[in-house]
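Just add 14 to the spot in the sequence shown (first one is 1) and you have our numbering. Cβ coordinates follow ideal geometry from the N, Cα and C atoms, glycine included.
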Amino acid sequence: MKIINDSEIKDEKIIPCGRLKRHFIEKDLEIDINRIDAGQGTKTHYHKKMTEIYLIINGAGIMKIKDRKTGRSESKNVYSLSSILIPPNHTHQLTNTGKETLVHYVICRPLWREDDELFEDF
Numbered sequence: 015m016k017i018i019n020d021s022e023i024k025d026e027k028i029i030p031c032g033r034l035k036r037h038f039i040e041k042d043l044e045i046d047i048n049r050i051d052a053g054q055g056t057k058t059h060y061h062k063k064m065t066e067i068y069l070i071i072n073g074a075g076i077m078k079i080k081d082r083k084t085g086r087s088e089s090k091n092v093y094s095l096s097s098i099l100i101p102p103n104h105t106h107q108l109t110n111t112g113k114e115t116l117v118h119y120v121i122c123r124p125l126w127r128e129d130d131e132l133f134e135d136f
């Protein structure tokens, strides 16, 4: 059995989307924990191939998402235990609107690749 405690992971990466710790990488599935400080947000981006699921563990924010094909966009408030499905080719940004650090799981399939993360504004 493989159990990982977040406090035991020393390698925290500063990325355009917050502060990331990788928990599991297994074949074509990745699970990370990301932290977004109060008043901050992820850099607006999309992925050509990767599907993401965000699961908010702690905090509150606003999730913005836009379908690049149809141009349809929406913003919704999210909070602890909200889950967000982000399909490929959907521009997205998560902004922390609370006073505490927003903590969320990032579940990726297939694995995150730098060349599949593209930045653009809404």
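Within the continuous beta strand (DSSP E) that includes residue i, where are the two ends?
i: I65; result: It is worth fixing the name first, because residue 65 is Thr in this sequence and not Ile. From DSSP, the beta strand (DSSP E) with T65 extends over 65-72.
i: R127; result: Looking at the DSSP string, R127 is not in any beta strand (DSSP E), and its letter there is neither H nor E.
i: K16; result: Segment: none, K16 is in no beta strand (DSSP E) and carries neither H nor E.
i: D46; result: 43-50
i: I39; result: 32-40
i: K27; result: 27-29
Spatial neighbours of residue i within its chain, please: C-beta separation below 8 angstroms, excluding the five flanking residues on both sides.
i: Q54; result: G32, T109, N110
i: E134; result: T58, H59, Y60, T105
i: S94; result: I70, I71, N72, G73, A74
i: S97; result: I67, Y68, L69, I70
i: F136; result: T58, K78, K80, S87, T105, Q107
i: K90; result: I76, M77
Does at least one heavy atom of the ligand COA sit under 7 angstroms from the Cβ of residue i?
i: K63; result: With respect to the ligand COA, the structure shown offers nothing to examine, as it has no ligands at all.
To the nearest whole angstrom, what separates the beta carbons of residue i and residue j, a pair I think is in contact under 8 angstroms?
i: E66; j: I121; result: 7 angstroms
i: I70; j: L116; result: 7 angstroms
i: K62; j: P124; result: About 11 angstroms; that fails the 8 angstroms criterion.
Can you give me the Cβ contacts of residue i inside the same chain, cut-off strictly under 6 angstroms, excluding the 5 residues immediately before and after it?
i: S87; result: K80
i: R49; result: G32, R33, T115, V117
i: E26; result: R33, K35
i: L99; result: I67
i: I23; result: K35
i: L43; result: R123
i: I45; result: H37, F38, I121
Give me, in chain order, the residues of the same chain whose beta-carbon lies closer than 7 angstroms to that of residue i; leave out the 5 immediate sequence neighbours on both sides.
i: E131; result: H59, H61
i: K8; result: As shown, the chain starts at 15 and ends at 136. That puts residue 8 outside it, with no answer to give.
Ordered list of beta strand (DSSP E) runs contained in the segment 52-112, each at least 3 residues
The beta strand (DSSP E) runs of length 3 or more contained entirely in the segment 52-112 are, from start to end of the chain, 59-61, 65-72, 74-81, 87-93, 97-100, 104-110.
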